[in-house]
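So the sequence shown is numbered by our numbering: it starts at 170 and just counts up by one. A short write-up of the structure that comes next.
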Amino acid sequence: MPATPSPAASGRTPTQHDLDTLSRQLNRPVRDVVEIPARCVCGNPLVAATAPRLGNGIPFPTTFYLTHPVLTAAASRLEAAGLMNEMTERLDSDPELAAAYLAAHHAYIAARQEIGERAGTGPVPEIDGISAGGMPTRVKCLHVLVGHALAAGPGVNPLGDEAVAALAPWWTPDQCRCAGAWDDSAAVPSRDLSRHVKNLNAKNDGGAQAG
Ligand SMILES: [Zn+2]
Numbered sequence: 170m171p172a173t174p175s176p177a178a179s180g181r182t183p184t185q186h187d188l189d190t191l192s193r194q195l196n197r198p199v200r201d202v203v204e205i206p207a208r209c210v211c212g213n214p215l216v217a218a219t220a221p222r223l224g225n226g227i228p229f230p231t232t233f234y235l236t237h238p239v240l241t242a243a244a245s246r247l248e249a250a251g252l253m254n255e256m257t258e259r260l261d262s263d264p265e266l267a268a269a270y271l272a273a274h275h276a277y278i279a280a281r282q283e284i285g286e287r288a289g290t291g292p293v294p295e296i297d298g299i300s301a302g303g304m305p306t307r308v309k310c311l312h313v314l315v316g317h318a319l320a321a322g323p324g325v326n327p328l329g330d331e332a333v334a335a336l337a338p339w340w341t342p343d344q345c346r347c348a349g350a351w352d353d354s355a356a357v358p359s360r361d362l363s364r365h366v367k368n369l370n371a372k373n374d375g376g377a378q379a380g
């Protein structure tokens, strides 16, 4: 049975435990995470929201980052199975879907602006009009679409909603799949292995999430 979310792990503002969990999920220290926009029914983070400008000043368009290893692995499987090409082809032939996906692109940018305001990072003109994941005309990263759909809730990103539904063999929103997904007893990663991880992902996923 899914655990009841504890009050400490149900809000948008990340606790230190959330940040440690994110670092364990990603096997690298997380930085500039300002909100947890989607959680497992047990309270663990599924998605991390990063400020639109990092602490080192670099603009960061990929606001919603899928962190839960069960979901990232499942999204990679869907990518490997060709779901992105299929979705991109449908965007070319289905004007209604294309319009809804364009609206998702605008919603992504609006959500990022709100997060930037709440985080106090100010305007980031360098990424005006830029979203992520191939929006608004292509599908280039299912991790981005799933992250957006889970953060925004159903009905905002049509292809993100489809991708979430397609995760069903491995993950559904009503069930906790955290057990064994990462090592909760391991030391919190403090050394940045992101380049190494990115290379591994590039090999396995055909592209990093930040693309
Ligand atoms: Zn869980």
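We put the CB at the ideal spot given by N, CA and C, even for glycine.
C-alpha distance - residue i paired with residue j, whole-angstrom precision
i: N196; j: Y270; result: 32 angstroms
i: H275; j: M253; result: 20 angstroms
i: N213; j: T190; result: 8 angstroms
i: A318; j: A356; result: 31 angstroms
i: I278; j: I299; result: 7 angstroms
i: G285; j: R346; result: 31 angstroms
i: S354; j: A243; result: 24 angstroms
i: E258; j: R307; result: 8 angstroms
i: L188; j: V293; result: 24 angstroms
i: A371; j: A250; result: For A371, the pLDDT reaches just 41, beneath the cut-off of 50, and the residue's location in the model is therefore unreliable, leaving the point undetermined.
i: A335; j: G224; result: 35 angstroms
i: K309; j: E255; result: 11 angstroms
i: L240; j: A337; result: 10 angstroms
i: Q185; j: E265; result: 43 angstroms
i: E204; j: L215; result: 11 angstroms
i: P183; j: Q282; result: 19 angstroms
Beta-bridge pairing of residue i - partner residues as DSSP gives them
i: A207; result: V216
i: V202; result: T219
i: F233; result: A218
i: P228; result: R222
Close-in-space but distant-in-sequence residues of the same chain around residue i (CB under 6 angstroms, 5 per side omitted)
i: A301; result: P230, T231, V313
i: M170; result: Reliability fails at M170, whose pLDDT of 42 lies under 50, so the model's placement of it is uncertain and no value is given.
i: A155; result: This structure gives no information on residue 155, because the portion of the chain shown stretches from 170 to 380.
Cutoff 7 angstroms; reference residue i; Cβ partners in own chain excluding five residues on either side
i: G380; result: Residue placement at G380 is poorly supported in this model, since its pLDDT is 37, which falls under 50; the coordinates still yield a value, given next. If we look at G380 and ignore the five residues flanking it on each side, its Cβ neighbours are K309, C310.
Exercise. If you measure from each residue's Cβ to the nearest non-hydrogen atom of ligand 1, which ones come out under 6 angstroms, in chain order?
Worked result: Cβ-based neighbours of ligand 1 within the cut-off: C209, C211, N213, C345, C347.
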